[in-house]
Structures are given as C-alpha cells and as structure tokens.
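*Asks:* Structure incoming, see below.
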Amino acid sequence: MTWLSKSPWILHYDASSCNGCDIEVLACLSPLYDVERFGIINTGNPKHADVLVITGGINEQNREVVRNLYDQMADPKVVVAVGICASSGGVFRECYNVVGGIDCIIPVDVYVPGCAARPESIIDGIVKALSILEEKKRGTHISQAPGQGAGGLR
Amino acid sequence: MINNDKKPDVHLFEGESLITLPFLILFPAAIAAILLLVPGDTWRRLIVQAGALIIGIASLYLLFITPGAGQAFFPVTGGWITTLMFIAEMIIAVFLIYLGIKHKKYLALFLVVAQAALLIFYETSAAHGAHIVPDLFIDQLSLIMALIIGIIGSLICVYALGYMATYHELHPDVKDRRRSFFFLVFLFIASMFGLVFSNYLPWVFFFWELTTLCSFLLIGYSGTGEAVNNSFLALNMNLLGGIAFAGALIYLAVISPGGDLLSISTLIQSGHVVALIPAVLIGFAGITKAALMPFSAWLVGAMIAPTPVSALLHSSTMVKAGVYIIVRFSPVLTGTTEGLIIALLGGFTFLLASAIAISQSNAKKVLAYSTIANLGLIVACAGVGTYKLVWAAIMLIIFHAIAKSLLFLCVGTVEHRIGSRDIEDMTGLIVRMPKVAVMMLVGIAGMFLAPFGMLISKWAAIEAFIDAPFGLIFVAILAFGGSITVLFWSKWMGKIISVCPVAELVENRISRQKWIVLSLLTAMTVFVCLAFPIISSHLIEPFVLSVYGQTARLSQDNIIIMAMMLFLLMIMPFSLLWFRKEKNIVAPYMAGRPATPDLHFLGSMGVQRQVGLGNYYFEGIFGEKKLFMAGTALCFGLILLMGTLTAGVAL
Amino acid sequence: MISIMNALIFIVAAPFIGGLVAGIDRKLTARMQGRVGPPILQPFADVGKLFEKKQIVVTPSQHVHTLSYLVFIVASGALFFAGGDLLLVIFAFTLAHLFLVLGAYSSYSPYSFIGAERELIQIIAYEPMIILAAVGMYLVTKSFFVWEIMASELPLILYLPGVFLGFLMVLTIKLRKSPFDLSTSHHAHQEIVKGVTTDFSGPMLGRVEIAHWYENVFLLGFIYLFFAWNPLIAIIAIIVVYLLEILIDNTFSRGTWQFTLKSSWIIAGMMGLVNLGVLYYLSAVVPA
C-alpha cells in the first residue's frame, strides 16, 4: 500500500465541457459526498497533482493546454476522463471543431461515462484510478496507447 | 556616563611610529598633486594603484601602533600650519564665490560669505588668545575610521580607474577631466584622514570644509545642468553645517581664551555644562554632513555623480564623518534633551528614509535612501549615547561602510554592462552576470540578514534602547523600520535571483581591477562578520570602556550560535553542485497556456503575449513626495525645538 | 541554561507533533463545515506521497532555496527550544522565510512571483509585532533568553494583554489562515493558484510542508511563553487559541494585502505599543 493512494491530489480541468460534468465533480468535493475523507484535495496546480480529472472533449484550442498540463504533472500520475464527451467526444463527436475524447492527446487511465456523470460514478472512477496509480508506482502497470480504451466502467 | 575623575591613558608621542598619522594625511595629498599633473592614462593607473596600496598598508600598520586603550597624541608644533589653513580656507571661499557668481547660485554665495565672515571674525578676534599646540591623536574610534578610509577608500580608487575609463566611453559628451577627478578623490582621502586624526577643532573644521569642497566638485563632475544644481544643493546644506561649526569655534574661543577647550579630548572631558552648546552646534554640522532629514535631499541628488564618488563619499566615508563627530560627542549628549532630540532626528530619518526606499526602483536611489536611513540609526544610537548604544553605533559604522560600498560598486559595474540602473532591468542577473550577482547578493544580505553585521548591530541597538530613557520610541522605530528594510532588500534580491532561461551572459569585458576590488570587498563583508567578536573586543570595547567606564559585548553563547548560522549559510549554496544534475526540468505554470521560456504565452484568439513581472513599489503608501515632506516637516520642527532649547541654555 | 537536549528533542519530535496538529486542524475544519473530513494522520500520508513522486523542477536552484528554508526553520526552532535569545530566534526565522521567498522568485513564473511579493508583505506585516512581543517579554522578565522567560514566575499574560492580542492577530498571518493567507494556503483558495509554492513539487514540496510543521510547533511554543508560569493553563490556552484560529479561518475568505498590512501595523501595533507604553510608565513610576 503506497502513500499515493492515501493522498491523491486532483487537478480538475474543463476541456470543452458544457460544465454539466464539472458541476458533478465539484459536488463530490462538497460536504454531501466529501471526497476529502479519502485524502483527495483539489489543487489547481499540475505540479502538485496526481490525478488529472478532465471533463469535455479535445478541440483545437485546448489541445496544447491539455498536453501542457499533463506534462507538468509529476510521475506517477493518472488521468480520469469524466463524462462521455471526455471519453469519446460524446454528442459533439462529429462537430467540425471537436477532435475527439481526451485520449486523442494524452493517455487516459479511467473512463467515467455519463451525461452528466453521477458523483457516485466519479468517485468510483477515482478510486479505480487510485489502484492504477499504485500499480504505476510499483511499476507493474501496463499502459495502453492513446486512442485505445484502457478498460473503464462500461 | 563620563568618568570625570579618570583621565584616559595618555601616551605622548610613542616613538617614531606615530609619524604614520601625518604621513597618512600628507601622502594622499602629495599623490593628489602628482595626479593633477600626470597626463597619460598608463602613468595614472600606476600611481593610483601604487598610492592606494601604500595607503592601505599604512592604515593597516595603524593597527599595531594604536594603544590598547586610551589615546595617543602627536603634537604638531608650528603655528604657521594653522595660519596656512586659514589662508587656504579664504582661497576656497573666493573660489566658491566665483563659482557661485558664474552659475548664479545666490544662496550659495550668501552662505559662503557668511561662513567666511564668521571665520575671519574667529581668526582676528576670538582666536588671538589661543596658545595651545595643536595635535593629532589616535584611539580606537579614529583607528576604525582610518581603516575604513584607508582600505575601502583605496579599493574604491582602484575601482574608479576602470570605471571612469568605461564612463567616458559611454558618455563621450562629458569632458574628460579625470586628472581633476583623481586629484579630488585623493585630496578627499587626505582630508578624511586629517578629520579623524585631528584633535584641534579648527583643524577638524578645515578638513571638514575640504571634504565639502571635494564633494561639491565631484558631484558636478559631468557638468550637466542637473549635476551643477545638485552640487550646489549639497554645497548649501554642507555650508549650513559649516556655519554652525564655525559658530561653535567662536563660542569656544570666547568662553576659554586660552584655547584649551578647542581640543576635542579636553572638551569632551569637561562635561555637559561646558560642552553642550558646542556639541549641539557641531552635532548640527554632523547632521547636515550625514544627510539626515530635513537635509537628506542633497544625498539623493548626489547620486548623479559617477558611482565611485557615490561609493566613496556618499556612503562609506564623508557621510561617516558626520556621524563620527556625533559619536565623538555622545558622552556630552547622553542624558540631555538636546541629545534626545538629535536621536529622534536620527530615528525618524531611519524610519522614513527606509519607507521611501520601498517606492524607488532606481538602484542608486534605493542605496542612497538606505544610507540615509542607516546614518539616521547611527545618530539615534549616538544621540541617546549609553555605552551599549555607542557600541552598537560603532558596529553599524563598520558594517555599513563595507556592505554599502560593495553594493555601490556592484551597481556601477552592472550599470555599465546592462546600460541601466533600474532594479526592474536587473531581472535574472544571476544568469546574465553570475559572479557580480553573487557579490551583490552578499552585499544585500550583509545589509539586513542574520547573522551578518548590520543585523547584529540593529539587534544590539534594540536591546540597548530598551534600557535607555524614552527607549520605547526607538524600539518601535527599529521594529517597524527594520521590517521595512527587509521588504525593499528582499524585493531586489528576488529580481536578481530569478532564473530566466533565456538570457545572454554579459559578464565579459569587466576589467581586472574591478574584479579584484569587488572580490576583496565581498570577502571583507563575510570576514568582518566572522571576525566581529575580535573586532568588538580589540577595537570597540576598549574605546567604549575608556569613555564610559563600562562596556557592552555580545554574550558568548550568542556568538557561538551566530558563528554556526554563518557557517550553515555559507555551505548551503554549495548544495547547488549536488542539485545541478537535476534533469527533470519543466516549464513554470502558466495556467496551462503553452509558453516560451521567456514568458511569452499563447493568449486567446491565438495572439502571443508576454508576461511582465514587476515588483510592488507601493507609491500610494511609501511614495517619496509624501513621506519626504512629512520627514522634512517633522525633523525641521525638531531642529527648531533643539535650537530654542540651546539658545535658552546659552542665555 | 541553553539546553542542547531540548533542541534535539525538538528536531526529532516536532514533525510528528506538527503533522498531528495539522491533521487535527483539517478534521476540525471539516466538522465545522458539516463534513466527515480526512483521517487525523492524513498530513503524514500527504508528505509520504510527495516523497514518492518523481522530482520535477523549474530550475535546480529551487532545491537550494527550499532546502535552506527547511534547514534554517529547523535551526531557528531548535534555537528557540534550546532556550536561546528570542530576538535572534525571530531574526533567524526571517532568514528562513527569505529562502522560501527566494525559491519562489527563482522559478521566474507569474504565480510564484505574486506569491513571493505577497509573502514579503506578510513578513513585514507580522515582524514588528513579534519583535514588540519579545520586547514586552523582556520588560517583564528582564531577559531575552527563552529559558529565563520560561523559568519566570510572573504571569506574563497579565502584564502583556495588549501584546498578546496583537500577537494573536499576527499569528493568523503566520499560520496562513484566512483572511491573511495571501501568499499560499492549504485550502482551495486558488486566486493565484498556489502562490509561493506553485512551482514546487514532489519531495521539494514535501520538505516545505515539513518546514511548515516545524514552524507551527514553534508558534505554539511562543503562545506557551505567555502562560509559562502555569503549564496546564498554557496547554489549555494553546488549544483555545488554535481553535479560535480555525474558527477565524473558516469564517473569513482571503483578504487583500492592504487589509493585512493596515490591520497588523495599525491595530496590532497600537495594541502592542500601548501595552508596552503602560509597562514603561509603570516601571518608571512604580519601583519594580
């Protein structure tokens, strides 16, 4: 049991989300769901974060930003794509400006589908991400290339 | 309090060794005369460096001939010397009148004439009965001042060689008057030695006036309108002090026709009642020379002069003459209301000048205000004048002289390389000029950080003020003023230490003389901090003991702890050698925006913008205009009060 | 006497005490907000996690600064608990904080820069008051040495009520509690992201965190000095003061730097100076 899974700090970023999933993520931080009891803190800073919680899909404007944020996070790190837009582009997949889900640009570890994803699912997804984080720390994790599903909640 | 019944140990003319005293006065004057005649640069370099070396060695030699306690005297027979000085003073007055008329500075004219008139009155009527033999003397306080003048002064002269060469390259429009420049600088050093070695007050006055003259001419070196105006401002304020000094001479000649009280050593021994009025008048002269409020404008204006002038005259030596004379008279001032008022002047100057320094981004102005502030602090200690405070004041004199001259010389070097003396342009200096930046950091640290000397002195001052009468005012001033200094020094350090990834190295082409001088001064800043217990026990404590009958020192435990802190502080930077291998370098956080290393980032609509990082200057709170007016008004009121009280005593 | 043993105990035990205090702080904050909150040992998990991360830096000199920060905080705190000169302890802490500021400046990035400037404002906001507190203690016990102040039989709090109140005000700044948590905060005040610590990460950040724990233990010790004549009352006082700080933290949001500077200089300064003025007057009038 590493310390990582006891103290996962998240960076929450809205790629091109309609804010529906963001509201649900923030609800997790509120007293009703209270993820701080798992040691989860919402830092706004990639250098302090272990888990990148992303909502919304990738478009031309946020492509470099997401890459930049991911690169500034220290290893080991995991990415949780929250909502169907983050997973695959969602209903906006065919739009001219949307490239696709988050896994177009960075490797995603956990997909949390839903529109909007429910707080319970989000918490579940983060907990799953924690075990992947542990595997990464121990060096036993086999990562998938971007663009392929890494096995999340179906 | 003074021990009136205990005469200090008097050693009259201890062998030939005391000949060093007149040597140190005459030799730099001779060098000055030679430099005025020598035309070429090569000869000048040779003579300046040789002269500086000899002066430095002679000053160090003083360490061996100064008695362990008390004073040693060197009488100079020959009344013709005093007459010669009077004639020289008249010539200088005529010269100043000529310049005043030429530049249409009528206030200066008036002041020169007034001072000359007082002098003539003194010579013709009051001084006739004076029959004492003037003498030179040396004790630990003069020794400390002489070491500062001899070592730091010579180093600055050597630095000035390289600096003035570059200065004239960069300012082709300024007439090359380097012969007079170096003449004046060495003449100044000679007069400073004369000032601190003279026991006979008319001689002190002569050398005092010489330093005013040198400062006036050097400030106006570049000949621009602003330089001329600022030089006359300095002249006017220093002349005001000179008039007060002349007044003191007349008063002393009147109350003691035999002239015994014209000797500093006798005057101070004679106690409050007799010596208070001259002490206040000479103290006033010291206040103008040390640029305390309300007379601080001239020092800020003097920053227009070339940097070696600022380093030599306006931070380490000439202004120190002002505080030196007040420290000399602190046994007389202690416990009196006038002394308290002088101390309050110093204290408020410290507080307000430090506050103004926060709002300045011109590096030389920051250094000027910091100098004014620290001089104010020294005077505050000397004015209240308990034995602990005099100890702290002398410590402050030593540490300030070294660190401040180092900083001025660094700023001068940086200015010539990057073309600006604004702190905002010194961003990332640690990458652009690493060695100079490190020296600058040492200098700044030496001004306010534990365990360096200035902080030790301020700490000693707080502890000493608590037990002094009305001490709470000064403790509050020190607490708030000290924190203020932390702000403006740290801001500056932060600018220097930012590691901009994109910056070119501009440290080449700095002359070897400059490197030697800067490195020596940096080493001295650190060394003096390490050696301060020895300096205290061998130089400062004997002086305080002989004047007050008891002395202060830092406790043994604290000395050990500070040595440990200094040791830690010196080894921590070496950890960089270990950490330099760090390979995982990422960009700083710019809200995720892709950015270039020099902080250009892609903004909205795809437009590239640049981040500007500027320090806070708090114009609204610490602005120069407001605080300067407040300080001038307050301190002017204090001076009026002191004048009234003194006049009351006289009548 | 200066006690090396106490210093060593501090160096070893303070991280544990500091971390525990931080954990209790978070638990109580959560309960006040109607949440469950993290386990009490959470801060240790946080620091442990930070040391498990791979170190990334913006520039290697950040290492030097943050390490110096930790070293000097430990040294200053050790000096305090060894019983040394209180003023020297205060100045040593200023030196330590300067390293934190320089570490933020060295990374040449906007958020760290603003954080560093605000940290400097915080430093000049609290330093006069803390010096006045030390001066107050000297006026009562006639000594600056902590071991002598501890040994004093006098109830310092009764002589120094104004000074104590002023100290409480600047304690809020030093503990980085709202409304004075301008430069960095443990809460989700992300106005300038993480301020001073924005560009620190991994083990480096862990060291900064541990330094905060050391400093908190020192601050609790400073509160103790006001009540040193009765250890039981002192411990209760520490608990009450800390609870008060948590309450203030949860009640206020982040203030402006003008508010911080003005309130600490004017209000705290006035309370402290009036108190000291009264003491001066009394010691001059009433033979001690």
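Chains as they are written, first to last, in the working numbering: chain A, 367 to 520; chain B, 4 to 654; chain C, 472 to 759.
Built from N, CA and C at the ideal position, the CB exists for glycine as well.
Bear in mind that the values here come from a model prediction, so they are computed numbers and not experimental data.
Applying a beta-carbon distance threshold of less than 8 angstroms, which residues of chain C neighbour P485 of chain A?
*Replies:* One-based indexing of the first sequence puts residue 485 of chain A at position 119. Within chain C, no residue comes near P485 of chain A; the closest Cβ sits about 14 angstroms away, beyond 8 angstroms.
*Asks:* Could you round the C-beta distance between G54 of chain B and P31 of chain B to whole angstroms and report it? I think they count as a contact, below 8 angstroms.
*Replies:* Reading the second sequence from its first residue, position 51 is the one you call residue 54 of chain B. Reading the second sequence from its first residue, position 28 is the one you call residue 31 of chain B. Rounded, the Cβ-Cβ distance is 7 angstroms, consistent with contact.
*Asks:* Run through DSSP, which three-state label would I397 of chain B get?
*Replies:* Sequence index remark: in the second sequence, residue 397 of chain B carries index 394 (1-based). Note: I397 of chain B maps to helix in three-state DSSP.
*Asks:* Let me know if W83 of chain B comes out buried or exposed under the rule of 16 or more other beta-carbons within 10 Å of its beta-carbon.
*Replies:* Here residue 83 of chain B refers to the residue found at position 80 of the second sequence. With fewer than 16 Cβ atoms within 10 Å of its Cβ, W83 of chain B is classed as exposed.
*Asks:* Would you say W211 of chain B faces chain C, with C-beta separation under 8 angstroms as the test?
*Replies:* Taking the first residue of the second sequence as position 1, residue 211 of chain B is located at position 208. So, not an interface residue.
*Asks:* Run through DSSP, which three-state label would H587 of chain B get?
*Replies:* In the second sequence, the residue the question calls residue 587 of chain B occupies position 584. Note that residue 587 of chain B is Asn in the sequence shown, not His. Reduced to three states, the DSSP call for N587 of chain B is coil.
*Asks:* Roughly how many angstroms lie between the CA atoms of A120 of chain B and G304 of chain B, to the nearest whole one?
*Replies:* For the purposes of this step, residue 120 of chain B is identified with residue 117 of the second sequence, where counting begins at 1. For the purposes of this step, residue 304 of chain B is identified with residue 301 of the second sequence, where counting begins at 1. A120 of chain B and G304 of chain B: Cα-Cα distance of roughly 28 angstroms.
*Asks:* Nearest chain C C-beta to D428 of chain B closer than 8 angstroms, yes or no?
*Replies:* Taking the first residue of the second sequence as position 1, residue 428 of chain B is located at position 425. Chain C contact via Cβ: absent.
*Asks:* My guess is that M600 of chain C and A739 of chain C are in contact by the Cβ rule of under 8 angstroms, so how many angstroms apart are they, rounded?
*Replies:* Your numbering for residue 600 of chain C matches position 129 in the third sequence. Your numbering for residue 739 of chain C matches position 268 in the third sequence. At roughly 5 angstroms, the Cβ-Cβ gap stays under 8 angstroms, so M600 of chain C and A739 of chain C are in contact.
*Asks:* What does the alpha-carbon distance come out to for the pair I644 of chain C and S654 of chain C?
*Replies:* What you label residue 644 of chain C is simply residue 173 of the third sequence in a count that begins at 1. What you label residue 654 of chain C is simply residue 183 of the third sequence in a count that begins at 1. Cα to Cα, the separation comes out at about 10 angstroms.
*Asks:* Quick one: what's R612 of chain B bridged to in DSSP?
*Replies:* In the second sequence, the residue the question calls residue 612 of chain B occupies position 609. R612 of chain B is bridged to B:F604.
*Asks:* Mind checking if V401 of chain A is an interface residue toward chain B, Cβ cutoff 8 angstroms exclusive?
*Replies:* Locating residue 401 of chain A in the first sequence gives position 35, counting from the first residue. No, because no Cβ of chain B sits closer than 8 angstroms to the Cβ of V401 of chain A.
*Asks:* Pair every Cβ in the region 306 to 326 of chain B with every Cβ in the region 264 to 274 of chain B, then say whether three or more of these pairs are closer than 8 angstroms.
*Replies:* Flag = no, the region 306 to 326 of chain B and the region 264 to 274 of chain B do not touch.
*Asks:* Just checking G304 of chain B against the ligand ATP - is the residue's beta carbon closer than 7 angstroms to any of the ligand's heavy atoms?
*Replies:* As for the ligand ATP, it is missing from this structure, which has no ligand bound.
*Asks:* Can a CB atom of chain A be found closer than 8 angstroms to the CB of V507 of chain C?
*Replies:* Locating residue 507 of chain C in the third sequence gives position 36, counting from the first residue. So, interface residue.
*Asks:* Can you list the residues of chain B that L435 of chain A reaches, using a CB-CB cut of under 8 angstroms?
*Replies:* Along the first sequence, read from residue 1 onward, the residue named residue 435 of chain A stands at position 69. Ordered by position in chain B, the residues that pass the 8 angstroms Cβ test against L435 of chain A are G595.
*Asks:* Going along the chain, which residues of its own chain have a beta-carbon closer than 7 angstroms to the beta-carbon of S578 of chain C, five neighbours each way excluded?
*Replies:* Residue numbering aside, residue 578 of chain C sits at position 107 when the third sequence is read from its first letter. Around S578 of chain C: V529, T530, Q533 and D670.
*Asks:* Interface residues of chain C around A1 of chain B at Cβ under 8 angstroms?
*Replies:* Within the shown structure, residues of chain B are numbered from 4 to 654, placing residue 1 of chain B beyond reach of any answer.
*Asks:* Answer yes or no: does any C-beta atom of chain A fall closer than 8 angstroms to that of K733 of chain C?
*Replies:* Taking the first residue of the third sequence as position 1, residue 733 of chain C is located at position 262. K733 of chain C does not count as touching chain A.
*Asks:* I'd like to check one pair, M439 of chain A with P473 of chain A: are the Cβ atoms closer than 8 angstroms?
*Replies:* In the first sequence, residue 473 of chain A corresponds to position 107, counting from 1. In the first sequence, residue 439 of chain A corresponds to position 73, counting from 1. No, Cβ-Cβ distance for P473 of chain A and M439 of chain A is not below 8 angstroms.
*Asks:* What residues match up with H378 of chain A in a beta bridge as DSSP calls it?
*Replies:* Position 12 of the first sequence, counted from the first residue, corresponds to residue 378 of chain A. DSSP lists A:V419 as partners of H378 of chain A.
*Asks:* Using a Cβ cut-off of 8 angstroms (strictly closer), state whether R583 of chain B contacts chain C.
*Replies:* Residue mapping note: residue 583 of chain B aligns to position 580 of the second sequence, counting from 1. Chain C contact via Cβ: present.
*Asks:* Just verifying my parser: in three-state terms, what is the DSSP assignment at S371 of chain A?
*Replies:* In the first sequence, the residue the question calls residue 371 of chain A occupies position 5. Helix.
*Asks:* Assuming Q363 of chain B is part of the beta strand (DSSP E), what are its boundary residues?
*Replies:* For the purposes of this step, residue 363 of chain B is identified with residue 360 of the second sequence, where counting begins at 1. Per DSSP, Q363 of chain B belongs to no beta strand (DSSP E) and is neither H nor E.
*Asks:* Confirm, please, whether the CB-CB distance from A356 of chain B to S423 of chain B is below 8 angstroms.
*Replies:* To locate residue 423 of chain B, count along the second sequence from 1; it is residue 420. To locate residue 356 of chain B, count along the second sequence from 1; it is residue 353. No.
*Asks:* Can you list the alpha helix (DSSP H) stretches of 4 or more residues lying completely in the region 442 to 524 of chain B, in chain order?
*Replies:* Qualifying alpha helix (DSSP H) stretches, in chain order: 456 to 469 and 474 to 500.
*Asks:* Please decide whether K443 of chain A counts as near chain B, where near means a Cβ-Cβ distance under 8 angstroms.
*Replies:* Here the question's residue 443 of chain A lines up with position 77 in the first sequence. Chain B, which has no Cβ nearer than 8 angstroms to the Cβ of K443 of chain A, makes this no.
*Asks:* Check whether the Cβ of V610 of chain B lies closer than 8 angstroms to any Cβ atom in chain A.
*Replies:* Along the second sequence, one-based indexing puts residue 610 of chain B at 607. So no, V610 of chain B is outside the interface.
*Asks:* Under 8 angstroms by Cβ, that's how I've got S474 of chain C and A563 of chain C pegged, so tell me the actual separation to the nearest angstrom.
*Replies:* Residue numbering aside, residue 474 of chain C sits at position 3 when the third sequence is read from its first letter. Residue numbering aside, residue 563 of chain C sits at position 92 when the third sequence is read from its first letter. Contact doesn't hold; Cβ gap of about 17 angstroms is too wide.
*Asks:* From the beta carbon of Y752 of chain C, is the nearest beta carbon of chain A less than 8 angstroms away?
*Replies:* Locating residue 752 of chain C in the third sequence gives position 281, where the first residue counts as 1. It does not: the Cβ of Y752 of chain C has no partner Cβ on chain A nearer than 8 angstroms.
*Asks:* What residues of chain A sit near S672 of chain C, judged by a beta carbon separation below 7 angstroms?
*Replies:* By 1-based counting over the third sequence, the position of residue 672 of chain C is 201. The answer, in chain order, is K413, H414 and A440.
*Asks:* Which residue from B:M496, B:P137, B:V79 and B:K108 puts its Cα closest to that of M442 of chain B?
*Replies:* Translated into the one-based positions of the second sequence, residue 442 of chain B becomes position 439. The shortest Cα separation from M442 of chain B among B:M496, B:P137, B:V79 and B:K108 belongs to B:M496.
*Asks:* Name, in chain order, the residues that DSSP records as bridge partners for E662 of chain C.
*Replies:* Here the question's residue 662 of chain C lines up with position 191 in the third sequence. Partner(s): C:V664.
*Asks:* Would E680 of chain C and L521 of chain C qualify as a contact pair, given that the criterion is a beta-carbon distance under 8 angstroms?
*Replies:* Position 209 of the third sequence holds residue 680 of chain C. Position 50 of the third sequence holds residue 521 of chain C. Yes, the Cβ-Cβ distance between E680 of chain C and L521 of chain C is below 8 angstroms.
*Asks:* Any idea what DSSP makes of Y752 of chain C, helix, strand or coil?
*Replies:* Numbered from 1 along the third sequence, position 281 holds the residue referred to as residue 752 of chain C. If DSSP states are grouped into helix, strand and coil, Y752 of chain C belongs with the helices.
*Asks:* Return no unless some Cβ of chain B is closer than 8 angstroms to the Cβ of V431 of chain A.
*Replies:* In the first sequence, the residue the question calls residue 431 of chain A occupies position 65. Closer than 8 angstroms to some Cβ of chain B, the Cβ of V431 of chain A qualifies, so yes.
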